[in-house]
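Numbering (numbering that gives the first Met the number 0), first residue to last: 0 to 123.
Cβ atoms here follow ideal geometry from the backbone N, Cα and C, with glycine treated the same way.
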Amino acid sequence: MQCLDRMLEECVNTEGAPICPNGLCRQPYSVDSVIALKALFPQRAEYFSNFALEKQRYDVIKDDTIRMIEISPDFTVSSRRMEVKCELDNTEDNPLMFLFDNTGTVADFIRELRLTLRILPLDK
């Protein structure tokens with residue numbers, strides 16, 4: 000907590016956004032992290048008022064029902080599994096492979112592909 004407090008003091012003095020206090024990192028915190036810092040340090044409310052944090056909105060989906068899922072005795076994992084080969088820059092030297100469930104969504108497929116290729120969530 001003291002390390003974060005020193006970092007916030009430095010950010011107040013430089014009028015900058017909150018950044019990681021690790022000297023090797025120094026990356027800006029995400030909006031969610033800044034909201035958490037605001038909750039942890041209510042004494043710095045004036046500093047956090049410079050950011051548009053209240054415009055963030057979260058929708059919570061709650062499912063109170065329990066649904067029974069029956070699995071067919073004929074079910075095999077291999078029937079749903081898809082093996083995908085990825086290549087970077089048309090180099091077949093070191094292809095990357097990942098497994099994907101055929102019944103998954105396109106968003107799941109893209110997420111797994113980005114994880115395999117080590118593409119960060121905010122990178123295009």
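Is it buried or exposed, residue i, if we count other Cβ atoms within 10 angstroms and call 16 or more buried?
i    : result
C85  : exposed
C10  : buried
L36  : buried
L176 : Nothing about residue 176 can be reported from this structure: the residues present for the chain run from 0 to 123 only.
Is the CB-CB distance between residue i and residue j below 8 angstroms?
i    : j    : result
V30  : L52  : yes
I34  : R25  : no
L209 : E82  : Residue 209 is absent from the structure shown; the chain starts at 0 and stops at 123.
L87  : L116 : yes
How big is the Cα-Cα spacing for residue i and residue j?
i    : j   : result
T75  : F47 : 53 angstroms
T13  : P20 : 14 angstroms
R79  : P27 : 41 angstroms
N101 : Q1  : 49 angstroms
P120 : A38 : 25 angstroms
P41  : L23 : 28 angstroms
A44  : F50 : 10 angstroms
G15  : P72 : 60 angstroms
L114 : R5  : 34 angstroms
G103 : S32 : 30 angstroms
D122 : N93 : 23 angstroms
R110 : S77 : 21 angstroms
For residue i, which beta-bridge partners are listed by DSSP?
i    : result
I18  : P27
M125 : This structure does not reach residue 125, given that the chain is present from 0 up to 123, and the question cannot be answered.
For residue i, would you say it is in contact with chain D, using Cβ-to-Cβ distances shorter than 8 angstroms as the test?
i    : result
D122 : Absent from the structure is chain D; it holds one protein chain and no more.
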